[in-house]
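Student: My questions will all concern the structure given below.
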């Protein structure tokens, strides 16, 4: 079976571009979700690159499950935890006590989400180089 790590990494980059487009359009909930997806897919790309499969959507856990040959800082894991909070609540109205997701996300959250996703993608690229 061919290694699909580059497919995952290219899609992660495209998801990050979608996050940036959504942020510019004021769709901050979508920006946060797309940033989470970008980071998740990039870490899965690294797992594939290293010859292992990764399952699940929890970025912090995916980072922690990387082998010792790809050392991850605790700070990057914490940024993954922040992004993990955008996986479901940014898309489902019943994830919040009241209001639609778009009412709960703004420029601060989307800026942070995109910055953290970008850092994770850069880490992945450096490990895959």
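Numbering (this note's numbering), first residue to last: 4 to 132. Where is the CB? At the ideal position from N, CA and C, for every residue including glycine. Computed from a prediction, not measured in an experiment: that's the story for all the values here.
Between the stretch 97 to 110 and the stretch 52 to 70, do three or more beta carbon pairs fall short of 8 Å?
Tutor: Because the criterion of three Cβ pairs below 8 Å is not met, the stretch 97 to 110 and the stretch 52 to 70 do not touch.
Student: State whether the stretch 78 to 85 contacts the stretch 117 to 126, with contact taken as three or more CB pairs (one from each stretch) at a distance under 8 Å.
Tutor: The answer is yes - the stretch 117 to 126 touches the stretch 78 to 85, with three or more Cβ pairs under 8 Å.
Student: Between which two residues does the alpha helix (DSSP H) holding residue 13 run?
Tutor: Run containing residue 13: 8 to 27, per the alpha helix (DSSP H) assignment.
Student: Buried or exposed for residue 108, please, with buried defined as at least 16 other CB atoms from any protein chain shown within 10 angstroms of its CB.
Tutor: With 16 or more other Cβ atoms within 10 Å, it is buried.
Student: Would you grab the beta carbon distance between residue 53 and residue 123 for me? Rounded to a whole angstrom, and I think it's under 8 Å.
Tutor: Actually they do not touch by this definition, with Cβ atoms about 15 Å apart.
Student: Name the residue from 29, 30, 6, 34 whose alpha carbon lies nearest to the alpha carbon of residue 17.
Tutor: Ranking the options by Cα distance to residue 17, first place goes to 34.
Student: Between the Cα of residue 36 and the Cα atoms of 127, 96, 91, which residue gives the shortest distance?
Tutor: The shortest C-alpha separation from residue 36 is found at 91.
Student: Should residue 51 and residue 7 be called a contact, given that it needs their Cβ atoms to be closer than 8 Å?
Tutor: Yes, Cβ-Cβ distance for residue 51 and residue 7 is below 8 Å.
Student: So the alpha helix (DSSP H) residue 52 belongs to, where does it begin and stop?
Tutor: Segment 31 to 52, the alpha helix (DSSP H) holding residue 52.
Student: Return the first residue and the last residue of the alpha helix (DSSP H) that residue 126 is part of.
Tutor: Note, residue 126: alpha helix (DSSP H), 110 to 131.
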